[in-house]
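S.K.: 1 is the number of the first residue of the sequence shown in full-length UniProt numbering; add one for each residue after it. We put the beta carbon where it would ideally sit given N, CA and C, even for glycine. Would you mind keeping the following structure in view while I ask a few things?
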Amino acid sequence: MESDSSYVLWECCRFTFLLISTVFKVFYYTLKTLVLKIFPRREKSVADDVILITGGGRGIGRQMALTFSKLRPKHIILWGRKEEPLQKTREDVQSHGVSCSYFVCDVCDRELVYKTGEEIKNSIGDVTILVNNAGIFNGALVLNDTEENIQKTFAINALAHIWAYKAFVPGMISQGRGHIVTISSMLGIMSLRGASSYCGSKFMTTGISEALHLELQEYPKIHLTSVHSYQVQNDMFQDLKLRFPWLIPPLSEEYVAKATVRAVLCNEKIIMMPRIMYMLVPCLSIFPAKAMAPLFRFLGVDSALDSLLVQKQKKE
Ligand SMILES: NC(=O)c1ccc[n+]([C@@H]2O[C@H](COP(=O)([O-])OP(=O)(O)OC[C@H]3O[C@@H](n4cnc5c(N)ncnc54)[C@H](OP(=O)(O)O)[C@@H]3O)[C@@H](O)[C@H]2O)c1
Numbered sequence: 001m002e003s004d005s006s007y008v009l010w011e012c013c014r015f016t017f018l019l020i021s022t023v024f025k026v027f028y029y030t031l032k033t034l035v036l037k038i039f040p041r042r043e044k045s046v047a048d049d050v051i052l053i054t055g056g057g058r059g060i061g062r063q064m065a066l067t068f069s070k071l072r073p074k075h076i077i078l079w080g081r082k083e084e085p086l087q088k089t090r091e092d093v094q095s096h097g098v099s100c101s102y103f104v105c106d107v108c109d110r111e112l113v114y115k116t117g118e119e120i121k122n123s124i125g126d127v128t129i130l131v132n133n134a135g136i137f138n139g140a141l142v143l144n145d146t147e148e149n150i151q152k153t154f155a156i157n158a159l160a161h162i163w164a165y166k167a168f169v170p171g172m173i174s175q176g177r178g179h180i181v182t183i184s185s186m187l188g189i190m191s192l193r194g195a196s197s198y199c200g201s202k203f204m205t206t207g208i209s210e211a212l213h214l215e216l217q218e219y220p221k222i223h224l225t226s227v228h229s230y231q232v233q234n235d236m237f238q239d240l241k242l243r244f245p246w247l248i249p250p251l252s253e254e255y256v257a258k259a260t261v262r263a264v265l266c267n268e269k270i271i272m273m274p275r276i277m278y279m280l281v282p283c284l285s286i287f288p289a290k291a292m293a294p295l296f297r298f299l300g301v302d303s304a305l306d307s308l309l310v311q312k313q314k315k316e
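The following block contains the structure:
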């Protein structure tokens, strides 16, 4: 009887101690994150880094290669399916005096990703900054989406990230340092009518990179950054039309690339662009979906892809 009560007392003390220390840690890390958001952190150097950017030949990937090249990393590697844009970006990176190579590599081809990864390790060295950027978008309603498009979108936008992790994260672990960048999207946090495969694939990358972050906690010098950008001024979302485009104008590729590189230099875990998204996203959890619907209707979010969907229907 006495041993029972001393056990209960011991459990109560243990519980209270763990609870107090947990609450303390929650406040400490919240405060630390807030302070680091307000006061700029010291940016790290990438002088010893080998940076690999998938989809580095054009679009945001190309801009990231150019932005990184100004920081004089050890080497930049570009991946893509088409040789011409890769060649052009390599020349532009090299014009900044940075060594650069490219590989024609379809990120969906798992065996090719592993083989090219091995080739890079043997000829250039371990990749220490991996930017999973390659992506595609083909709008369609869930029930009209073709099996081919669904599989392709998930293969490029999500599964390919895992093949790249498998190819390059062991090298980061053996080096004891590294950085994994996931180019997701605002559509990896909130959904859009007519973009189910794209949203699904981007939500998937958010989940995978968060799980990887938890699994790599014993390696404090391996960082992860998840990038969630709103519409960018290029071809990918050219058919997306909001009601008042001037309210939140599309971002430039240069802006997204610069913000991403800065997030890497500051080891930021997640960034959203533009900043107003930091206010919009919490609203999605605070307010009921029915209350957000009129706002989305007012902004034209619910019908943003309608012209694309109608065009597609006409073609079919
Ligand atoms: N544009 C936007 O509004 C927007 C907004 C938020 C997030 N994002 C995300 O940002 C990333 C870059 O998009 P972007 O705007 O720069 O689009 P983009 O101009 O269409 O570029 C896409 C890049 O991905 C590469 N790629 C596509 N499929 C590939 C494959 N199977 N294997 C290897 N490379 C492949 C392309 O290279 P090749 O053609 O040579 O293969 C190209 O370099 C994507 O993940 C996208 O989802 C874009």
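What residue range does the beta strand (DSSP E) around Tyr102 cover?
M.R.: Taking the first residue of the sequence shown as position 1, residue 102 is located at position 102. Looking at the DSSP string, the run of the beta strand (DSSP E) that includes Tyr102 is 100-104.
S.K.: Would you say Phe244 and Leu299 are within 8 Å of each other, going by their C-beta atoms?
M.R.: The residue given as residue 244 occupies position 244 in the sequence shown. The residue given as residue 299 occupies position 299 in the sequence shown. Cβ distance < 8 Å, so Phe244 and Leu299 count as in contact.
S.K.: CB-CB under 6 Å to Arg81, same chain, minus the five flanking residues each way: which ones, in chain order?
M.R.: On the sequence shown, position 81 is the one that residue 81 refers to. Asp106, listed in sequence order.
S.K.: Count the CB pairs spanning the stretch 185-205 and the stretch 244-264 that are closer than 8 Å, and state whether there are at least three.
M.R.: no
S.K.: Any idea what DSSP makes of His96, helix, strand or coil?
M.R.: Within the sequence shown, numbered from 1, the residue matching residue 96 stands at position 96. Note: His96 maps to coil in three-state DSSP.
S.K.: Contact check, Asn157 vs Gly55 under 8 Å by CB: the rounded distance?
M.R.: Translated into positions along the sequence shown, residue 157 becomes position 157. Translated into positions along the sequence shown, residue 55 becomes position 55. Contact flag wrong, Cβ pair sits at about 11 Å.
S.K.: Quick one: give me the first and last residue of the alpha helix (DSSP H) that Val261 is part of.
M.R.: Start at 1 with the first residue of the sequence shown, and residue 261 comes out as number 261. That run of the alpha helix (DSSP H) goes 253-265.
S.K.: With a threshold of 7 Å, establish whether the CB of Val232 neighbours any heavy atom of ligand 1.
M.R.: Counting from 1 along the sequence shown, the entry for residue 232 is found at position 232. Yes, Cβ of Val232 sits closer than 7 Å to a heavy atom of ligand 1.
S.K.: Closest to Leu66 by C-alpha separation, out of His228, Gly97, Phe168, would be which residue?
M.R.: Residue 66 sits at position 66 when you count from the first residue of the sequence shown. Closest by alpha carbon: Gly97.
S.K.: Assess, as a yes-or-no matter, whether the stretch 185-199 is touched by the stretch 143-159 under the definition of 3 or more beta carbon pairs within less than 8 Å.
M.R.: yes
S.K.: Does the distance between the C-beta of Cys105 and the nearest non-hydrogen atom of ligand 1 fall short of 7 Å?
M.R.: Residue 105 sits at position 105 when you count from the first residue of the sequence shown. Yes, the Cβ of Cys105 comes within 7 Å of a heavy atom of ligand 1.
S.K.: Could you check whether the stretch 160-170 touches the stretch 80-94, counting it as contact only if at least three pairs of C-beta atoms, one from each stretch, sit closer than 8 Å?
M.R.: no
S.K.: Rounded to whole angstroms, what's the CA-CA distance from Asp48 to Pro73? Just pull it up for me.
M.R.: One-based indexing of the sequence shown puts residue 48 at position 48. One-based indexing of the sequence shown puts residue 73 at position 73. Distance between the alpha carbons of Asp48 and Pro73: 6 Å.
S.K.: Cβ of Ser252 versus every heavy atom of ligand 1: is any distance shorter than 7 Å?
M.R.: Here the question's residue 252 lines up with position 252 in the sequence shown. Flag unset: Cβ of Ser252 not near ligand 1.
S.K.: At a cut-off of 7 Å, is Ile156 close to ligand 1 when judged by its beta-carbon and the heavy atoms of the ligand?
M.R.: As a position in the sequence shown, residue 156 is number 156, starting the count at 1. Yes.
S.K.: Would you kindly report the start and end of the unbroken alpha helix (DSSP H) that includes Leu309?
M.R.: The sequence position of residue 309 within the sequence shown is 309, counting from 1. 306-315 is the span of the alpha helix (DSSP H), which, as asked, contains Leu309.
S.K.: For the beta strand (DSSP E) that Trp79 lies in, which residues bound it at each end?
M.R.: By 1-based counting over the sequence shown, the position of residue 79 is 79. Where Trp79 is concerned, the enclosing beta strand (DSSP E) stretches over 75-80.
S.K.: Within its chain, find whatever has a CB closer than 7 Å to the CB of Val261; leave out the 5 residues flanking it on each side and keep chain order.
M.R.: In the sequence shown, the residue the question calls residue 261 occupies position 261. Met64, Thr67, Phe68, listed in sequence order.
S.K.: Could you work out which residue in Tyr255, Met172, Glu253, Gly207 is closest to Val50 when comparing CA atoms only?
M.R.: Numbered from 1 along the sequence shown, position 50 holds the residue referred to as residue 50. Out of Tyr255, Met172, Glu253, Gly207, Met172 has the C-alpha closest to the C-alpha of Val50.
S.K.: Look up Met204 in the DSSP assignment and say whether it is helix, strand or coil.
M.R.: Counted from its first residue, the sequence shown places residue 204 at position 204. Helix.
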